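Heads up: the structure comes next, in structure tokens.
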Amino acid sequence: MGGNASSEVRIWICGAHGKHNKETGILEELHLENGWRNPSLNYSMWDSVLWGKAAFQPNLALGLGASVLDAEVDGNRIESVTAYQSTSQTFHTLAAKTFVDCSGDWILAALTPAKWRQGREARGEFDEDIQPATSDAKTMGNTLLIQMRLTDEAQPYTPPEWAYKFTRPEDFPHRMHGVKAHNFWWLEVGGFQDTITDAEAIRDERHRITYGVWDYIKNHAPERKEAENWAIDWIGSLPGKRENRRYEDDHILNQDDVRDGGRFDDIIAYGGWSMDDHHPAGLYYPGEPTIFHPAPSSYGIPYRSLYSQNIENLLFAGRNISVTHAARSSTRVMATCAILGQAAGTAAALSPNIIAPRGRFQAAKGCANCKTR
């Protein structure tokens, strides 16, 4: 559990900037329990905190290892979804009045007629000055993180023959490439590909890069003496995704919405991370790997960006909500996604016996307790 924050990926949870800004609600409950039970911040213990909160929550059935692979649709409503659980080798069909897609990869859009978009919008579509002049399918890329440990003696390293070869500092312009490189978030590729359909190829490319970068640090970097006693402690196998496809809703949150503070009547969550727009070429881009376009902390995110425009009982939360590429470069961080998820879950609980999510602007009022700073 935990997506990019799990022990499989190990991205740190980011949210609104500013020492007085804190995403609360369910996420804060998880952080408080983790601080109590896991003071050393061990990722396996963090996994257990997430699992325990879900597994022992009344009225919640947890289906780990189950992947949704089909959906039954009647008109503009989803009637049921079918998932395959790989460990038990069983199929599970779930019928419900409301469905919430928090997969990040818009799984239900691929299985239903739900509207979606991908890539970077043309600058003129929403008058966003950080977008390209013409639209394209390019996205931010994926990253495999590296974690190292300091030992008491020299740790030699011989790379595998399939690792890429990097021998010069010029191979990493504008990148921090020593043992203090912040988990190597800039080891990023896949923005020119489809981070869903090309996921396997992107992961393999990342492995070749990762082991080659460690070879550079240990054996070729001018400051390699500093890395002499350092050893690899962990290398991810599941890339952390920043972007792929996203749903379309009654409101597509855009760059101007973010910069103007997100002043909406139906605010159900807040963002506050900068518009952190990574270049789609990733590691192969010779310029700065990302540009931190300023955003106010905090800004409002409306309920109208959390339900499907044309599937009446579909909500969503996370990086796949209804936003432009520019706005998504801010809303994609996990603390923001967490409060979006709490808002969508609250709206789903309010909706079934009243009216479908799209017709429930008033559901946002019921989410007043979700508004956090």
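Take 1372 as the starting number for the sequence shown in this note's numbering and just add one per residue.
Each residue gets a CB set at the ideal place from its N, CA and C atoms; glycine is no exception.
In this text the structure is predicted, and so the values were computed from the model without any measurement.
Based on Cα-Cα distance, which residue from the options lies nearest to residue i?
| i | options | result |
| --- | --- | --- |
| H1696 | I1638, D1631 and R1613 | R1613 |
| A1640 | P1665, R1703 and R1617 | R1703 |
| I1517 | H1388, R1381 and G1658 | R1381 |
| N1615 | Q1489, S1377, M1416 and L1398 | Q1489 |
| Q1460 | G1446, G1434, A1485 and A1442 | G1434 |
| L1482 | A1715, E1524, N1447 and I1501 | N1447 |
| L1479 | T1453, I1501, I1603 and S1701 | T1453 |
| D1627 | H1591, R1699, R1579 and G1607 | R1699 |
| D1441 | W1477, A1570 and A1426 | W1477 |
| D1765 | E1499, C1385, G1406 and V1439 | This structure does not reach residue 1765, given that the chain is present from 1372 up to 1744, and the question cannot be answered. |
| G1715 | E1524, E1379, Q1680 and S1676 | In the sequence as displayed, the identity of residue 1715 is Ala instead of Gly. Considering only alpha carbons, the answer is S1676. |
| N1375 | L1515, S1693 and A1570 | L1515 |
| A1666 | E1659, Q1680, S1679 and D1648 | D1648 |
| Q1526 | I1588, A1719 and F1462 | I1588 |
Using the three-state DSSP reduction, which class does residue i fall into: helix, strand or coil?
| i | result |
| --- | --- |
| L1433 | coil |
| R1381 | coil |
| Y1528 | coil |
| T1469 | coil |
| P1673 | strand |
| N1615 | coil |
| N1375 | helix |
| Q1489 | strand |
| A1387 | coil |
| N1590 | helix |
| D1604 | strand |
| P1728 | helix |
| I1501 | coil |
| A1734 | Note on A1734: pLDDT 48, under 50, position unreliable in the model; the coordinate value appears next. Helix, per DSSP. |
| T1395 | coil |
| M1519 | strand |
| D1621 | coil |
| R1744 | With a pLDDT of 44 at R1744, under the threshold of 50, the modelled position of that residue is not reliable, and no figure is offered here. |
| A1425 | helix |
| N1405 | helix |
What residues match up with residue i in a beta bridge as DSSP calls it?
| i | result |
| --- | --- |
| M1646 | H1664 |
| F1462 | Y1455 |
| L1686 | V1471 and Y1678 |
| Y1641 | G1671 |
Measure how close the beta-carbons of residue i and residue j come, nearest whole angstrom, since I'm counting them as under 8 Å.
| i | j | result |
| --- | --- | --- |
| R1617 | W1422 | At roughly 28 Å, the Cβ-Cβ gap does not stay under 8 Å, so R1617 and W1422 are not in contact. |
| C1473 | G1642 | Not quite, the Cβ-Cβ distance comes to about 16 Å (not below 8 Å), so this is no contact. |
| V1420 | L1401 | 6 Å |
| G1475 | Q1456 | Incorrect: roughly 20 Å between the Cβ atoms, too far for contact. |
Does the ligand HEM have even one heavy atom less than 6 Å from the beta-carbon of residue i?
| i | result |
| --- | --- |
| Y1455 | Annotation note on the ligand HEM: not contained in the displayed structure, which lists no ligands. |
Query raised in the report: Taking contact to mean at least 3 C-beta pairs separated by less than 8 Å, is the region 1664-1672 in contact with the region 1620-1635?
Result: The region 1664-1672 vs the region 1620-1635: in contact.
Query raised in the report: Is there contact between the region 1673-1692 and the region 1458-1474, where contact requires at least three CB pairs shorter than 8 Å?
Result: Verdict: yes, contact present.
Query raised in the report: Does the count of Cβ pairs from the region 1594-1603 and the region 1549-1558 closer than 8 Å reach three?
Result: Counting Cβ pairs under 8 Å, three or more are found: they touch.
Query raised in the report: Between the region 1559-1566 and the region 1648-1667, do three or more beta carbon pairs fall short of 8 Å?
Result: By the Cβ rule, the region 1559-1566 counts as touching the region 1648-1667, because three or more pairs are nearer than 8 Å.
Report task. Flag this pair as touching only if the region 1515-1530 and the region 1617-1626 have three or more C-beta atom pairs under 8 Å; answer yes or no. Result -> No, the region 1515-1530 does not touch the region 1617-1626.
Query raised in the report: For the region 1524-1544 against the region 1566-1586, are there 3 or more C-beta pairs whose distance is under 8 Å?
Result: The region 1524-1544 makes contact with the region 1566-1586; the number of CB pairs closer than 8 Å reaches 3 or more.
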